[in-house]
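Participant:
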Amino acid sequence: DAMVIQNPRYQVTQFGKPVTLSCSQTLNHNVMYWYQQKSSQAPKLLFHYYDKDFNNEADTPDNFQSRRPNTSFCFLDIRSPGLGDAAMYLCATSRDGYPYEQYFGPGTRLTVT
Amino acid sequence: QKEVEQDPGPLSVPEGAIVSLNCTYSNSAFQYFMWYRQYSRKGPELLMYTYSSGNKEDGRFTAQVDKSSKYISLFIRDSQPSDSATYLCATFTGGGNKLTFGTGTQLKVEL
Numbered sequence: 016d017a018m019v020i021q022n023p024r025y026q027v028t029q030f031g032k033p034v035t036l037s038c039s040q041t042l043n044h045n046v047m048y049w050y051q052q053k054s055s056q057a058p059k060l061l062f063h064y065y066d067k068d069f070n071n072e073a074d075t076p077d078n079f080q081s082r083r084p085n086t087s088f089c090f091l092d093i094r095s096p097g098l099g100d101a102a103m104y105l106c107a108t109s110r111d112g113y114p115y116e117q118y119f120g121p122g123t124r125l126t127v128t
Numbered sequence: 543q544k545e546v547e548q549d550p551g552p553l554s555v556p557e558g559a560i561v562s563l564n565c566t567y568s569n570s571a572f573q574y575f576m577w578y579r580q581y582s583r584k585g586p587e588l589l590m591y592t593y594s595s596g597n598k599e600d601g602r603f604t605a606q607v608d609k610s611s612k613y614i615s616l617f618i619r620d621s622q623p624s625d626s627a628t629y630l631c632a633t634f635t636g637g638g639n640k641l642t643f644g645t646g647t648q649l650k651v652e653l
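In structure tokens, the structure reads:
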């Protein structure tokens, strides 16, 4: 089955220790998104890629970076995690022109100690 | 004021009930209206989307959009315990790639 895969599902990191979350997709979609979702809150878009074109949201902290080495993979790097960065991180994909049909991965729950 | 408002619940109903979930929005530029279902500790799953005003039905689910009142609804008929989840509404203007989500309504369907 075509799908969006996120690894790891659970990640524990220490305050200030860099962490990388990964996302892969077999849907061959050219748009990939990273969201942050905190408990009982709406998913918050951090950035998205249209092919290799990176689009950052204006309010995304510099602490968050992303890489997309190819169509299938996308990474979220948190350079110096703070306690406020503990959240569920969701990766999603969509076809070009169909952002209203986004397919989400299961998420990575990040804990910062 | 948030662009999309959604009652967080929780909403608890007996099995077999008709469920009504609602959102209001403020931006008249929104053209697409989506409903996502999110089970605990999982990613959201698209249930259906509607373009502009009107109704759309898919099995037990019906989405309804009233652009004149900026009101979005999702109806679930014959609700099942497996429908217990958080339901997120989302909107899109039709330009760019950004969706605007509500905070979600937690639904519990009890036996």
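Here the protein sequences come in this chain order: A and B.
Start counting the first sequence at 16; every next residue gets the next number (this note's numbering).
Start counting the second sequence at 543; every next residue gets the next number (this note's numbering).
C-beta: ideal position from N, C-alpha, C; glycine also.
#1: Express the C-alpha separation of residue 128 of chain A and residue 32 of chain A in angstroms, rounding to a whole number.
#2: Assuming residue 587 of chain B and residue 653 of chain B are in contact, meaning their beta carbons sit under 8 Å apart, how far apart are those beta carbons, in whole angstroms?
#3: Take residue 108 of chain A as the anchor and find which of A/122, A/116, A/93 has the nearest alpha-carbon.
#4: Check each candidate in B/545, B/627, B/576, B/628 and name the one with the smallest Cα separation from residue 604 of chain B.
#5: Mind checking if residue 590 of chain B is an interface residue toward chain A, Cβ cutoff 8 Å exclusive?
#6: Does the beta carbon of residue 55 of chain A sit closer than 8 Å to a beta carbon anywhere in chain B?
#7: Under 8 Å between C-beta atoms, does residue 76 of chain A make it to chain B?
#8: Just list the beta strand (DSSP E) runs in the region 29 to 113 of chain A, keeping only unbroken ones of 3 residues or longer that don't cross its boundaries, in chain order.
#9: Taking C-beta pairs closer than 9 Å, name the residues in chain B that residue 119 of chain A reaches, listed in chain order.
#10: Residues of chain B with CB closer than 7 Å to the CB of residue 46 of chain A, please, in chain order.
#11: Taking the straight line between their C-alpha atoms, what separation do you get for residue 110 of chain A and residue 118 of chain A?
#12: Count the CB pairs spanning the region 98 to 107 of chain A and the region 615 to 625 of chain B that are closer than 8 Å, and state whether there are at least three.
#13: State the beta-bridge partners of residue 650 of chain B as determined by DSSP.
#14: I need the boundaries of the beta strand (DSSP E) containing residue 596 of chain B, first residue and last residue.
#15: Please decide whether residue 104 of chain A counts as near chain B, where near means a Cβ-Cβ distance under 8 Å.
#16: On the CB-based measure, 16 or more other CB atoms within 10 Å of its CB, does residue 560 of chain B come out buried or exposed?
#17: Grab me the residues of residue 65 of chain A's own chain with a C-beta within less than 7 Å of its C-beta, minus the 5 sequence neighbours each way, in chain order.
#18: Using 8 Å as the limit for Cβ to Cβ distance, is residue 572 of chain B near chain A?
#19: Do you know how far the Cα of residue 594 of chain B is from the Cα of residue 581 of chain B?
#20: Chain A beta carbons: is any one of them nearer than 8 Å to that of residue 646 of chain B?
#21: Spell out a yes or no on whether the region 640 to 650 of chain B and the region 51 to 65 of chain A are touching, meaning 3 or more CB-CB pairs, one atom from each, closer than 8 Å.
Facilitator: Walking through what the data contain:
#1: About 10 Å.
#2: About 23 Å separates the beta carbon of residue 587 of chain B from that of residue 653 of chain B, a gap too long to meet the 8 Å contact definition.
#3: A/116
#4: B/576
#5: no
#6: Yes, because at least one Cβ of chain B sits closer than 8 Å to the Cβ of residue 55 of chain A.
#7: no
#8: 34 to 40, 46 to 52, 59 to 65, 68 to 71, 79 to 82, 88 to 93, 102 to 109
#9: 578, 580, 584, 585, 586, 587, 588
#10: 639
#11: 10 Å
#12: no
#13: For residue 650 of chain B, DSSP records a beta bridge to B/554.
#14: 596 to 600
#15: no
#16: exposed
#17: 45, 46
#18: It does not: the Cβ of residue 572 of chain B has no partner Cβ on chain A nearer than 8 Å.
#19: 27 Å
#20: yes
#21: yes
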